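These notes are about the structure you will find just below.
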């Protein structure tokens, strides 16, 4: 029996992902320990970081075990176009918010870019859908919940 066919090498990318998950877990846990908030009743604001860190720790351990066993599936080839579209949409959102374009316009562009990254080819229609959704989100958060979102020329109309 050929020994190389039954024993797979550890997956380096899987081990790297497990390491990154461990680091993120440590950062969340450390950040949670610096919270100076005490709760009079109930679990308080420290509960959710503990839940998230615990979940990430379980994922990191499971990923490391599977990577050491060589049991991770083969990865597909990487297509950079969708990644660049989404990153471009995020960059447009950040730039528009930073330079006074506002939440609605930035979110509209991000929605259309993300839809294009997922293969949708109706860019103008996606801009309209993104615009309507961004207005709805703005109204819910800024008007109904009284939260502050970045203002721009469109937001000032409300």
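Numbering (this note's numbering), first residue to last: 37 to 194.
For glycine and all other residues, C-beta sits at the position ideal for the given N, C-alpha and C.
Owing to the predicted nature of the structure, the values given are computational and were not obtained by experimental measurement.
Which class does residue i belong to by DSSP, given the choice of helix, strand or coil?
i           : result
residue 108 : coil
residue 70  : coil
residue 117 : helix
residue 179 : helix
residue 194 : coil
residue 85  : helix
residue 141 : helix
residue 47  : coil
residue 158 : coil
residue 184 : coil
residue 166 : helix
residue 80  : coil
residue 125 : helix
residue 136 : coil
Is it buried or exposed for residue i, if we count other Cβ within 10 angstroms and need 16 for buried?
i           : result
residue 46  : exposed
residue 162 : buried
residue 182 : exposed
residue 180 : exposed
residue 125 : buried
residue 160 : exposed
Looking only at its chain, what residues have a beta carbon closer than 7 angstroms to the beta carbon of residue i, apart from the 5 residues adjacent to it on each side?
i           : result
residue 88  : 64
residue 54  : 96, 99, 100 and 103
residue 190 : 138, 140 and 141
Looking only at its chain, what residues have a beta carbon closer than 8 angstroms to the beta carbon of residue i, apart from the 5 residues adjacent to it on each side?
i           : result
residue 166 : 143, 144, 145, 146, 147, 148 and 151
residue 44  : 105, 106 and 107
Tell me which residues share the same chain as residue i and place their Cβ nearer than 6 angstroms to its Cβ, disregarding the 5 neighbours each side in the sequence.
i           : result
residue 133 : 142 and 186
residue 121 : 149, 152 and 153
residue 51  : 103
residue 128 : 145
residue 68  : 82 and 85
Taking residue i and residue j to be in contact with their CB atoms under 8 angstroms, please state how far apart those CB atoms are, rounded to whole angstroms.
i           : j           : result
residue 188 : residue 136 : 6 angstroms
residue 93  : residue 81  : About 20 angstroms separates the two Cβ atoms, so there is no contact after all.
residue 194 : residue 176 : Not confirmed; about 12 angstroms, so no contact.
Original post:
Can we say the stretch 159-176 touches the stretch 125-142, given the rule of at least three CB pairs closer than 8 angstroms?
Top reply: yes
Subject >> the stretch 99-118 touching the stretch 50-65, judged by at least three CB pairs closer than 8 angstroms >> reply: Contact annotation: the stretch 99-118 touches the stretch 50-65, with at least three C-beta pairs closer than 8 angstroms.
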